[in-house]
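Novice: According to the numbering used here, the residues represented by the sequence shown are 484 to 689, in order.
Starting off with a structure, shown below.
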Amino acid sequence: MLTQRQRAVIWAALGLIGIWGLSFAGYQIAASLKMTADKVRAYVASVDLRRLSAADRARALRALADKINRLSREERQQLRLGRMGEGWFEQMTEAEKSAFLEATMPTGFKQMISAFEELPEDKRRKTIDDALKRLREASANAPGGTAGMADNTNRPPISPELEAQVRTIGLKTFYSQSSAQTKAELAPVLEELQRAMESGRMLRGR
Numbered sequence: 484m485l486t487q488r489q490r491a492v493i494w495a496a497l498g499l500i501g502i503w504g505l506s507f508a509g510y511q512i513a514a515s516l517k518m519t520a521d522k523v524r525a526y527v528a529s530v531d532l533r534r535l536s537a538a539d540r541a542r543a544l545r546a547l548a549d550k551i552n553r554l555s556r557e558e559r560q561q562l563r564l565g566r567m568g569e570g571w572f573e574q575m576t577e578a579e580k581s582a583f584l585e586a587t588m589p590t591g592f593k594q595m596i597s598a599f600e601e602l603p604e605d606k607r608r609k610t611i612d613d614a615l616k617r618l619r620e621a622s623a624n625a626p627g628g629t630a631g632m633a634d635n636t637n638r639p640p641i642s643p644e645l646e647a648q649v650r651t652i653g654l655k656t657f658y659s660q661s662s663a664q665t666k667a668e669l670a671p672v673l674e675e676l677q678r679a680m681e682s683g684r685m686l687r688g689r
């Protein structure tokens, strides 16, 4: 026969086990719901955009944009480094490309471009240099064995020709006049510039 104290200890232990079980279940559910670069790659690999009807194609593009927008900054960068969406992007119409870019660019990037253009020329030049340097370092440190990334980790963040045009024409003017394909290539640099602005690096020494 258990004493009252023993029963209390047993109930307390059962309560702790129950709380631990609920916490673990909550963690598992949260982990399964969290969007990752690998999940986005798996989705892209599972869908053949060319075989879809117009309505299904539109739904697939919206679904991909939603998944990308749910990524953390780090996961998003990993996805950019792997050039994950190139296959899909090449199959999009110009209208689809423009809509997709508009849907997936980080909030506030247009304001970032305007703020960037207000910086002195030497500061703009240094900021672009720093952004490209960080992107190259991230690319060099990316795991070469990751699916979909092995052939791309040594590619430059943007082509030398595009880099020269950005420096010569100016980011705001160049972006407004560029095609959707060029904007897509420029996207990693814009995201890195925005990261610098949000951290305050871009504005130091202004």
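Where a beta carbon is used, it is the ideal one built from N, C-alpha and C, also for glycine.
On a predicted model such as this, the values are computed, not experimentally measured, just so you know.
1. On the three-state DSSP scale, how would you describe R563?
2. Tell me the rounded alpha-carbon separation between S581 and F592.
3. Buried or exposed for R545, please, with buried defined as at least 16 other CB atoms from any protein chain shown within 10 angstroms of its CB.
4. Going by beta carbon distance, what residues of the same chain come within less than 7 Å of K666, once the five residues before and after it are set aside?
5. Nearest-angstrom Cα distance between G653 and L602?
6. Specify the secondary structure class of G591 as computed by DSSP and reduced to three states.
7. Just the C-alpha distance for Q594 and A679, rounded to the nearest angstrom, thanks.
8. CB-CB under 6 Å to I611, same chain, minus the five flanking residues each way: which ones, in chain order?
9. Looking at the structure shown, is L544 part of a helix, part of a strand, or coil, going by DSSP?
10. If you follow the alpha helix (DSSP H) that R619 is in, where does it begin and where does it stop?
11. Quick check: the Cα distance between L645 and L499, rounded to an integer number of angstroms?
12. Helix or strand or just coil, what does DSSP make of G653?
13. Can you tell me whether L554 is helix, strand or coil according to DSSP?
14. So the candidates are L554, A541, A548, W571; which of them puts its Cα closest to the Cα of A520?
15. If distances are taken between C-alpha atoms only, which option among D613, K522, E681, R608 comes closest to Q561?
16. Should R556 go down as buried or exposed, given a rule of 16 or more other Cβ atoms within 10 Å for buried?
Specialist: Taking the definition as stated:
1. helix
2. 15 Å
3. exposed
4. L584, Y658
5. 11 Å
6. coil
7. 13 Å
8. none
9. helix
10. 604 to 624
11. 59 Å
12. coil
13. coil
14. L554
15. K522
16. exposed
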